[in-house]
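Per this note's numbering, the very first residue in the sequence shown carries number 976; after that it's consecutive. Every residue, glycine too, gets a C-beta built ideally from N, C-alpha and C. Remarks on the structure that follows.
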Amino acid sequence: MHIAVVGAGLSGLTVARQLQAQGHHVTVFEKSAGVSGRMSTRQTELGGFDHGAQYFTASSDRFKKEVSDWKKLGWVAPWNEKLVSLDHGQFKSAGKSGTRYVAIPGMNALGKQLAHGLDVRKTQQVVALEAYGEQWLLKVKSETVAIDASAGPFDAVLLAIPADQAAPLLCALPAFAEQAKNAKMLPCWTLMLGFQTSLELPYGGAWVNQSRLSWIAKDNSKPERRSGERWVAQASPAWSIEHLEEDPERAKEKLLKAFHEATGSWIQPIHAVVHRWRFAQSEHPLPVDCLWDKNQKVGVCGDWFAAGVEGGGRIENAFLSALALAKTIG
Ligand SMILES: Cc1cc2nc3c(=O)[nH]c(=O)nc-3n(C[C@H](O)[C@H](O)[C@H](O)COP(=O)(O)OP(=O)(O)OC[C@H]3O[C@@H](n4cnc5c(N)ncnc54)[C@H](O)[C@@H]3O)c2cc1C
976 MHIAVVGAGL SGLTVARQLQ AQGHHVTVFE KSAGVSGRMS TRQTELGGFD HGAQYFTASS
1036 DRFKKEVSDW KKLGWVAPWN EKLVSLDHGQ FKSAGKSGTR YVAIPGMNAL GKQLAHGLDV
1096 RKTQQVVALE AYGEQWLLKV KSETVAIDAS AGPFDAVLLA IPADQAAPLL CALPAFAEQA
1156 KNAKMLPCWT LMLGFQTSLE LPYGGAWVNQ SRLSWIAKDN SKPERRSGER WVAQASPAWS
1216 IEHLEEDPER AKEKLLKAFH EATGSWIQPI HAVVHRWRFA QSEHPLPVDC LWDKNQKVGV
1276 CGDWFAAGVE GGGRIENAFL SALALAKTIG
């Protein structure tokens, strides 16, 4: 089949690679200028900031095997820094859990590796699916081309994008659209801070309690990062929801104050930028692996499917959901 995949994050790249290996002809459409989606790294003069996904863990045997292959290829490495839980500058050890991995030299590097050998059309946002006999045409909008264009026809279309972005593309499949609407994704305001000097904090990351923030991480404590003190701070889901439409400058001020209070360090940053993720993570992924309509040949995968993993939507969900969809299509 000639298959269109919408989205070049981990799930889109995974399903595309798998289907290509199964003998299908695959074209990937990505609205951004780069691949990797929420596994992203913001480049600055001070170095990179992983301002989306922070790290990933592997609980299933299948994902453990994949991560082990990525590790052998030198695409990911364990992040062994000390992580703590923080309460107003007081910290206690967060205890030991499974290995945490990061892509090297930045989170977006994994997607770049996975995209090799795939036909990825960047800066091409899919705005509608149009039936064309038994096939599909994609209505595509591009910043680089003034007029909207159609791509296709394709025998099948797979959406590998956040639930809220998938729902409007699923008009032809109301039952799928309804499920996407129910898989609510939470927002996350993220603050990126660069400092001239080290903050001398005795940990590389922390879950923050009783704060606007829920997580902070020292980016340069991850393996193979550039030197220079860089921190990423993520607001809690509750604060992000309440301040979803906040002016970015005000959000930055408030989150910076929370960072100072949480760490007890009042050293001023030389670089401070915020980013709002409108659809960061699904709190309760749908209790299935993926969606596939074999008559209309439309599929959906991503981190908002449980795919056998417990807890909120993460990189492991995205990977397993994509594999499940590729297997279902055959
Ligand atoms: C702030 C934050 C922190 C996180 N922390 C962690 C963590 O610590 N550990 C963890 O495991 N996970 C974490 N996650 C979640 C993790 O990033 C995701 O689970 C995973 O990256 C999802 O991959 P995906 O391919 O399903 O979706 P995405 O990465 O969102 O990829 C979707 C892609 O589709 C593109 N796209 C969207 N709409 C269209 C369209 N209409 N046309 C064309 N392209 C389109 C987007 O630009 C994007 O590139 C975090 C996410 C965020 C935002």
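Test item: CB-CB of residue i and residue j under 8 Å
{"i": "Gly1179", "j": "Ser1202", "result": "no"}
{"i": "Leu1188", "j": "Leu1230", "result": "yes"}
{"i": "Glu1014", "j": "Met1082", "result": "Correcting the residue type first, residue 1014 is Met in the shown sequence and not Glu. Contact: yes."}
{"i": "Gly1012", "j": "Gly1049", "result": "no"}
{"i": "Leu1145", "j": "Ala1152", "result": "yes"}
{"i": "Gly1027", "j": "Trp1252", "result": "yes"}
{"i": "Ser1257", "j": "Trp1279", "result": "yes"}
{"i": "Val1001", "j": "Leu1085", "result": "no"}
{"i": "Trp1206", "j": "Leu1168", "result": "yes"}
{"i": "Ala1301", "j": "Leu994", "result": "yes"}
{"i": "Leu1166", "j": "Val1249", "result": "yes"}
{"i": "Arg1075", "j": "Trp1054", "result": "yes"}
{"i": "Arg1291", "j": "Ser986", "result": "Note that residue 1291 corresponds to Glu in the displayed sequence, not to Arg. Contact flag unset, no."}
{"i": "Ala1126", "j": "Val1010", "result": "no"}
{"i": "Phe1031", "j": "Arg1289", "result": "yes"}
Chain-order list of residues whose beta-carbon lies under 6 Å from that of residue i (same chain, five-residue window excluded)
{"i": "Pro1198", "result": "Ala1052, Ile1079"}
{"i": "Ala1281", "result": "Pro1260, Pro1262"}
{"i": "Cys1163", "result": "Gln1209, Ser1215, Trp1252, Ala1255"}
{"i": "Gly1064", "result": "Gly1239"}
{"i": "Ile1304", "result": "none"}
{"i": "Ala1192", "result": "Gln1029, Gly1180, Val1207"}
{"i": "His999", "result": "Met976, Ile978"}
{"i": "Thr1016", "result": "Gly1023, Asp1025, Gly1081, Met1082, Asn1083"}
Assumed close pair residue i, residue j - CB separation to whole angstroms, cut-off 8 Å
{"i": "Ala1208", "j": "Lys1227", "result": "Between Lys1227 and Ala1208 the Cβ distance is about 10 Å, and since that is not below 8 Å, they are no contact."}
{"i": "Ala1033", "j": "Phe1129", "result": "About 32 Å; that fails the 8 Å criterion."}
{"i": "Ala996", "j": "Lys1097", "result": "Going by Cβ atoms, the distance from Ala996 to Lys1097 rounds to 22 Å, so no, they are not a contact pair."}
{"i": "Phe1294", "j": "Phe1004", "result": "The Cβ separation is near 20 Å, so there is no contact."}
{"i": "Leu1133", "j": "Gly984", "result": "Not a contact, Cβ separation roughly 12 Å."}
{"i": "Thr1019", "j": "Leu1298", "result": "Actually they are not in contact, since the Cβ atoms of Thr1019 and Leu1298 sit about 34 Å apart, beyond 8 Å."}
{"i": "Phe1170", "j": "Pro1223", "result": "So it is not a contact: roughly 20 Å between Cβ atoms."}
{"i": "Val1077", "j": "Gln1100", "result": "Going by Cβ atoms, the distance from Val1077 to Gln1100 rounds to 28 Å, so no, they are not a contact pair."}
{"i": "Leu1112", "j": "Glu1105", "result": "5 Å"}
{"i": "Ser1186", "j": "Ala1233", "result": "5 Å"}
{"i": "Gly1023", "j": "Asp1194", "result": "7 Å"}
{"i": "Ala1131", "j": "Lys1272", "result": "4 Å"}
Neighbourhood of residue i by C-beta distance below 7 Å, restricted to the same chain and skipping five residues each side
{"i": "Ile1136", "result": "Val981, Gly982, Gly1277"}
{"i": "His1235", "result": "Trp1241"}
{"i": "Val1042", "result": "Ala1033, Val1051, Tyr1076"}
{"i": "Leu1058", "result": "Ala1069, Tyr1178, Gly1179, Gly1180, Ala1181"}
{"i": "Trp1267", "result": "Gly1274, Leu1300, Thr1303, Ile1304"}
{"i": "Arg992", "result": "Leu1089, Leu1093"}
Other residues of its chain near residue i: CB distance less than 8 Å, five sequence neighbours each side excluded
{"i": "Asn1184", "result": "Ser1060, Leu1061, Asp1062"}
{"i": "Gly1108", "result": "Pro1128"}
{"i": "Gly1283", "result": "Ser1035, Asp1264, Leu1295"}
Secondary structure, alpha helix (DSSP H): runs of 4+ residues fully inside the region 1136 to 1198: 1138 to 1141, 1149 to 1157
Contiguous alpha helix (DSSP H) assignments of at least 4 residues, all confined to the region 1016 to 1063: Complete alpha helix (DSSP H) runs here, min 4: 1036 to 1047.
Let me know the beta strand (DSSP E) ranges lying completely inside the region 1193 to 1236, each 3 residues or longer, listed in chain order. Within the region 1193 to 1236, complete beta strand (DSSP E) segments of at least 3 residues are found at 1205 to 1210, given in chain order.
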